[in-house]
Amino acid sequence: MLSTYINSKVRIFYKKQKSCVHLQPFFITTLYMTFSFLSPFTPVQLALCVLSAIFIGMSKGGLKGIAMLAIPFLVYVFGAKASTGIMVILLLIADFTATIIYRKTIMWNYLLRLFPPALAGIGIGLLMGSYMSDFWFKLVIGVILLFCAILMIYKETGGKNLNLDNWYFATFMGIIGGFATMIGNAAGPIMATYFLAMGLNKNYYVGTESWFFFLTNMLKLLLQIFVWKNVSTEDVTLSIGLIPFILIGSFMGYQFVKFIPEKGYRIFIISVILLSTIMMFLR
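Using numbering that gives the first Met the number 0, read the sequence shown as starting at 0 and increasing by one per residue.
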């Protein structure tokens with residue numbers, strides 16, 4: 000059994016760390032709890048869960064779009080519907096970590112513009128979520144992402160004088176962002192388009208977006224628990240077990256972002272928006 004193997008490895012680790020008297024209880028408790036939570040899975044499922052947590056952490060640490068790689072992994076392990084509940088918990092944990100890492104780089108004025116219309120978008124998504132087919136969901140989100148991609152390419156090339164810093168654009172992006180995040184955790188490229196269109200540098204972009212998604216994902220989690228009822232105690236248990244790997248991913252993402260030039264980072268984000276658009280139409 001995988002659980003027996005893991006427990007034996009944990010005991011061996013404990014015996015080898017006798018010199019670290021003060022750190023020993025912390026490390027052994029953390030390792031034991033993590034592997035105990037994850038022990039019911041096969042090695043392949045365990046590896047996919049760990050990779051998903053690391054990718055989500057890296058995305059929230061600043062490498063936006065990497066979390067897309069986690070979606071097929073979680074769907075493979077848990078199925079399409081069940082994976083959405085697990086995904087929102089992992090995203091919320093990673094968002095909380097990002098709000099701490101980027102706590103000094105937040106543009107509250109842009110956040111306050113976006114959040115009220117985003118609530119309206121979440122409400123629309125909540126009402127339509129049970130009635131919208133996969134075909135229409137992919138079509139609507141795909142068209143929105145295509146619009147975002149064209150807008151960003153135009154803004155970065157010939158439309159630098161295009162002024163989008165107004166309440167109309169914020170209301171529009173907030174509504175479609177709230178709708179997309181409620182229906183399918185697909186608001187990342189939409190929010191990237193808005194914040195980069197506002198001219199935010201990479202640190203302020205990541206910090207402000209982290210707070211946006213932390214607040215919206217907290218609301219989504221409550222709605223998925225009490226309205227859609229697709230979050231179970233097993234989902235929470237699994238997410239707790241993956242916390243160390245989310246933290247590792249967040250640290251990796253933060254370190255990568257520090258070495259990416261500002262212009263290179265914007266090109267990276269635009270590439271992610273384009274890739275997200277293509278993936279949405281091909282799903």
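The beta-carbon is built from N, C-alpha and C at its ideal position, and this holds for glycine as well.
Computed from a predicted structure; not experimentally measured.
Beta carbon of residue i nearer than 8 angstroms to that of residue j
i, j, result
"Met206", "Gly173", "Here residue 206 is Gly; the residue named in the question, Met, does not match the sequence. Contact: no."
"Phe244", "Ala52", "yes"
"Ala46", "Ser58", "no"
"Ala191", "Ala185", "no"
"Leu246", "Thr96", "yes"
"Gly252", "Leu89", "no"
"Ile239", "Ile189", "no"
"Ile259", "Ile152", "no"
"Ile70", "Asp234", "no"
"Lys201", "Val87", "no"
"Phe250", "Gly183", "no"
"Thr276", "Leu150", "no"
"Cys48", "Phe40", "yes"
"Thr83", "Ser209", "no"
"Gly283", "Met181", "Nothing about residue 283 can be read from this structure; the chain reaches only from 0 to 282."
"Leu292", "Gly177", "Beyond the ends of the chain as shown, which are 0 and 282, falls residue 292; an answer cannot be given."
Opening and closing residue of the alpha helix (DSSP H) in which residue i lies
i, result
"Pro188", "187-196"
"Trp244", "Here residue 244 turns out to be Phe, not Trp, going by the sequence shown. Residues 242-258."
"Gly177", "166-183"
"Leu163", "No alpha helix (DSSP H) holds Leu163; DSSP gives it neither H nor E."
"Trp227", "Trp227 -> no alpha helix (DSSP H), and no H or E assigned at all."
"Gly270", "The sequence given here has Ser at residue 270, not Gly. 261-281 is the span of the alpha helix (DSSP H), which, as asked, contains Ser270."
"Gly78", "First-last for Gly78: undefined, no H or E at that position."
"Ser209", "201-222"
Close beta carbons around residue i, own chain, < 8 angstroms, minus the five adjacent residues each side
i, result
"Val226", "Leu125"
"Ala169", "Tyr109, Arg112, Leu113, Pro116, Tyr193"
"Leu73", "Leu47, Cys48, Ser51, Ser82, Ile85, Met86"
Integer-rounded CB distance, given that residue j should sit under 8 angstroms from residue i
i, j, result
"Val256", "Gly64", "Contact flag wrong, Cβ pair sits at about 12 angstroms."
"Gly60", "Gly248", "6 angstroms"
"Leu199", "Met106", "6 angstroms"
"Asp133", "Asn216", "Going by Cβ atoms, the distance from Asp133 to Asn216 rounds to 22 angstroms, so no, they are not a contact pair."
Neighbourhood of residue i by C-beta, 7 angstroms cutoff - its chain only, sequence neighbours within 5 removed
i, result
"Ile92", "Ser238, Ile242, Ile245"
"Lys17", "In this predicted model, Lys17 has a pLDDT of only 48, less than 50, meaning its place in the structure is not dependable enough to derive any value."
"Lys15", "A caution first: Lys15 carries a pLDDT of 46, below 50, which makes its placement in the model unreliable, though a value can still be read off. Cβ neighbours of Lys15 beyond the five flanking positions: none."
Interface flag, residue i vs chain D, CB-CB below 8 angstroms
i, result
"Val49", "Here there is only one protein chain, and chain D is not present."
To test your reading of the DSSP string, which unbroken alpha helix (DSSP H) runs of 4 or more residues are found completely within the region 89-156?
107-127, 133-155
Taking only runs of the alpha helix (DSSP H) that begin and end inside the region 38-72, which ones reach a length of at least 4 residues, in chain order?
42-59
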